[in-house]
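Everything on this sheet refers to the single structure shown next.
Protein chains in written order, with my numbering: chain A, 6 to 234; chain B, 6 to 234.
Listed below in structure tokens is the structure:
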């Protein structure tokens with residue numbers, strides 16, 4: 006730990022929770038990169054491929070800064086990621102897109118969900134960690150590309166809209182299942198959400214409101230794509 | 006074309022050759038990205054994976070600037086890339102690595118060869134185009150990583166050195182075959198190398214010296230890896 010480490014880190018459980026959080030976000034960016042690079046193979050044109058690879062590289066670009074911060078906190082970045090590899094890999098395995106459009110929606114809706122979740126948690130952290138997390142979640146600016154491609158495809162084939170709406174619901178379900186598994190296994194993360202002596206936390210009602218906000222934003226994204234949620 | 010277009014571009018063949026060159030470099034970066042993202046799956050550790058994905062994203066980061074310049078020249082970037090997709094895809098198909106080490110060597114030796122070749126050609130171009138090409142070829146700074154990993158692997162298994170030396174020769178052979186196919190098909194590029202009324206070109210002796218320099222640098226890279234060439 007360096008001289009610039011905030012006082013909150015004197016609580017070893019807080020430090021452990023932040024390391025967990027940076028580790029899961031970093032591995033999330035790596036696995037998002039891998040999945041997008043794989044989806045790029047399904048791109049119908051070279052132009053579409055370049056657009057999705059740009060999304061992939063934007064995700065990956067955040068990993069270096071997260072790893073630096075983990076090192077500053079005295080953690081090994083790859084050890085910090087280790088507990089999250091299995092649940093995140095499993096999420097991607099269970100939600101492997103069958104075609105280009107499923108891949109686009111997963112990129113847009115899945116990353117949106119994850120980002121909303123991390124943003125909610127970031128509100129309970131010291132300013133330095135919060136800013137680092139918010140910077141890591143910056144939109145890659147490619148949402149407009151996904152919305153355009155998906156809306157055009159649905160306009161051309163109405164049955165596609167029904168299938169993709171189901172797909173969106175499945176993504177939401179799998180994301181919640183894996184998120185629950187991760188938090189149940191990580192005591193420090195759960196304790197972080199519950200708060201501490203000198204830190205406000207979330208009671209059950211607040212957790213309920215948080216999930217309401219996350220699902221509302223999910224529904225907004227689906228609506229932007231022209232899909233029911 | 007914009008007001009900032011140099012006088013050399015008044016020669017339509019020169020303009021065509023530059024568009025070809027930027028197109029082949031841009032598609033080269035895209036296909037290098039794809040191949041490295043694929044090789045990343047063979048990485049023995051998450052740390053190795055992050056290192057090779059960083060090489061991949063560094064390659065891809067140059068595409069946007071090349072495409073902007075192609076657009077400034079009045080060309081469609083994806084049309085400019087089109088003639089080079091087949092030979093470059095074929096190169097990668099014929100040199101698909103069988104394991105992690107073949108992938109590392111291909112990344113280091115293959116990109117080195119391509120970069121040397123484009124650097125030689127860049128010397129015959131207007132300063133703006135030359136600077137753009139040289140910036141696109143900047144080393145991603147990961148050579149030390151490849152050299153370290155390959156040398157350690159050879160030290161642990163001497164037979165590996167023999168196999169990887171053969172692999173390096175095969176890469177060189179395939180690269181020359183595909184480079185020859187590309188230049189034979191693209192008259193403007195060939196004419197560029199031959200020079201024009203007001204532009205110096207390469208006679209046969211100069212082309213010979215150019216290939217000598219390229220093969221010498223290839224041998225240096227192989228030696229750095231601890232491999233005979």
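Cβ coordinates follow ideal geometry from the N, Cα and C atoms, glycine included.
Owing to the predicted nature of the structure, the values given are computational and were not obtained by experimental measurement.
Assignment of residue 143/B by DSSP, reduced to helix, strand and coil, places it in the coil class. The way I'd put it, the region 57-64 of chain A doesn't touch the region 11-18 of chain A; fewer than three beta-carbon pairs between them come closer than 8 Å. Against chain A, the beta carbon of residue 76/B has no neighbour under 9 Å; the closest one sits roughly 12 Å away. A Cβ-Cβ contact shorter than 8 Å links residue 158/A with residue 106/A. Taking the CA atoms as reference points, residue 110/A sits about 22 Å from residue 139/A. When only Cα atoms are considered, residue 211/B and residue 176/A end up about 60 Å apart. In the DSSP annotation of this structure, the continuous segment of the alpha helix (DSSP H) that includes residue 36/A starts and ends at 17-44. Boundaries cannot be given for residue 103/B, as no alpha helix (DSSP H) includes it and DSSP labels it neither H nor E.
For residue 216/A, the number of other beta carbons within 10 angstroms of its own is below 16, and it is reported as exposed. By a beta-carbon distance limit of 8 Å, residue 85/A contacts residue 75/A. Their separation comes to about 5 Å. Nearest C-alpha to residue 135/B among 17/B, 23/B, 16/B: 23/B. Per DSSP, the continuous alpha helix (DSSP H) segment holding residue 213/A begins and ends at 209-229. Taking CB atoms only, residue 58/A has a neighbour in chain B less than 8 Å away. Burial is judged here by how many other beta carbons sit within 10 angstroms of a residue's own beta carbon; residue 44/B has at least 16 and is buried. Take the alpha-carbon of residue 37/B and the one of residue 141/B: they are about 13 Å apart. For secondary structure counted as the alpha helix (DSSP H) over 4 or more consecutive residues, the region 158-208 of chain B holds these complete runs in sequence order: 163-190, 192-199. Of all residues in the region 43-54 of chain A, only 43, 45, 46, 50, 51, 52, 54 place a beta-carbon less than 9 Å from a beta-carbon of chain B. Burial check for residue 99/A: the Cβ neighbour count within 10 Å stays below 16, so the residue is exposed. Three or more Cβ pairs drawn from the region 178-198 of chain A and the region 89-104 of chain A lie within less than 8 Å of each other, which places the two stretches in contact.
The three-state secondary structure of residue 131/B, taken from DSSP, is coil. Within chain A, no residue has its beta carbon less than 7 Å from that of residue 151/B; the closest one is some 18 Å off.
Here the region 155-171 of chain A lies against the region 215-232 of chain A, with 3 or more beta-carbon pairs under 8 Å apart. Going by beta carbons, residue 198/B and residue 108/B fall outside the 8 Å limit. At a cut-off of 8 Å, the C-beta of residue 35/B has a neighbouring C-beta in chain A.
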